[in-house]
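Residue numbers (the working numbering), protein chains in the order written: chain A, 285 to 481; chain B, 285 to 481.
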DNA sequence: TACATTTGCTTAACAGTGTTAAATTATTTA
DNA sequence: TAAATAATTTAACACTGTTAAGCAAATGTA
């Protein structure tokens, strides 16, 4: 009964088609536009048959998330293998991580909970620039020859660490209080040390 | 006609009620559970009257976002005023920022695009731990006396900077390529310097 | 070949969403 | 009191995820 195999192969194929269709829609219109009926449209079926392959929309998203982690791991491993010095390996792996985030930004978004809906905030909400102004003022006083560019760079360095740590804590909550404190301290003193340097 | 004033005051009041109801629902059930009909239930009206006060659900969310930025700015200003040394001011302001994020985590989420849906990822997707394993291995080789705790701390320090910078770039896209590179380099070399220190 | 059964797929439906228009009720004005 | 205006609701539309019922084609069995 080789026809059984053929049918199983076909089923596996539409499973893949569903995932590909979903990712295609997300890449074209964003996560919020993803719907079961749209996926069905792309694979030229009606919505209910998707449930023969996935328990829910959530399950499809989860599978894409899993695929994302597999690609990320593959990229980081490849980067690691190109070097022998641990320090170089570190640098290469984080660069691979960085590149992955932008090459597969839709996957990165769902893997680490990054919403892109609220872009161009400053134009709609002017108040959103207050934090920058406050920090920039202090930074300028600390620098011997402050330039707009340098202040901005330092600001983003600080902001990145802190926002990153907050995001990580909010998304997969937990971590010990001490570790957070340690991370913050290490990062902030490390960055402050690089001012006028 | 003082009754005009009274009516205007009442209208202003239900406007506030709508915003408070929305925030209440979000705090109790999360952003994804927020709906116009639920808001209407809380303020004891039917959904359509909300449109007399806000053009859309999006507008309500935007107003809450704005309120969030106002609170954040107030907190940071208060922190700044308590110190004179710019370095101390910086530290205090970032701490205020940090505290705000957890005190008003729902507001922080919508202000900076942090999704909390995908928590406890490691339990559902084991592959999500691969990046940690890869990085940890390299970190251990670099440390003279590596402990699990220390490796973890360093990992999170790195991850925070990079994820933070990525998030910021994805959410309000833009920034110059050079600045990103500069921020990354500054942060990474700064952190590496603190290893075995 | 003829019938029964399973499979693949679709249509219809339910409960929910944001949003709008029409209908209704209450309030104010003349 | 009657007319006009404002406040509020009901009904509806187009969408969402999801489930159950129906149908039609392929398959298994006699």
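C-beta atoms are modelled at their ideal positions from N, C-alpha and C, and glycine is treated no differently.
Query                                                                                                               : Result
Own chain, CB closer than 6 Å to residue 321 of chain B, minus 5 neighbours either side, in chain order             : 331
With 16 other Cβ atoms within 10 Å as the buried cut-off, status of residue 292 of chain A                          : exposed
Neighbour-count burial assignment, residue 465 of chain B, 16 or more Cβ in a 10 Å radius                           : exposed
C-alpha distance - residue 385 of chain B paired with residue 406 of chain A, whole-angstrom precision              : 19 Å
CB contact below 7 Å: residue 383 of chain B versus chain A                                                         : no
Continuous alpha helix (DSSP H) assignments of at least 4 residues falling wholly in the stretch 349-415 of chain A : 370-387, 389-396 and 405-408
Interface partners of residue 338 of chain A on chain B, CB under 8 Å                                               : Those do not exist, as residue 338 of chain A stays about 14 Å from chain B at its closest Cβ, beyond 8 Å.
Option in B/337, B/314 and B/313 with minimal Cα separation from residue 294 of chain B                             : B/337
Three-state class that DSSP yields for residue 328 of chain A in the structure shown                                : coil
Three-state class that DSSP yields for residue 444 of chain A in the structure shown                                : helix
Presumed contact (8 Å Cβ cut-off) between residue 448 of chain B and residue 451 of chain A, rounded CB distance    : 7 Å
Chain B contacts made by the stretch 342-356 of chain A, where a contact means CB separation under 7 Å              : 346, 349, 350, 353, 354 and 356
Contact list for residue 429 of chain A against chain B, beta-carbon separation under 8 Å                           : Under the 8 Å cutoff, chain B gives no residues; its nearest Cβ is about 15 Å from residue 429 of chain A.
For residue 439 of chain A, the three-state DSSP class (helix, strand or coil)                                      : helix
Cβ-based contacts, 8 Å cut-off: residues of the stretch 304-329 of chain A near chain B                             : none
Chain A within 7 Å of residue 374 of chain B, Cβ atoms only                                                         : yes
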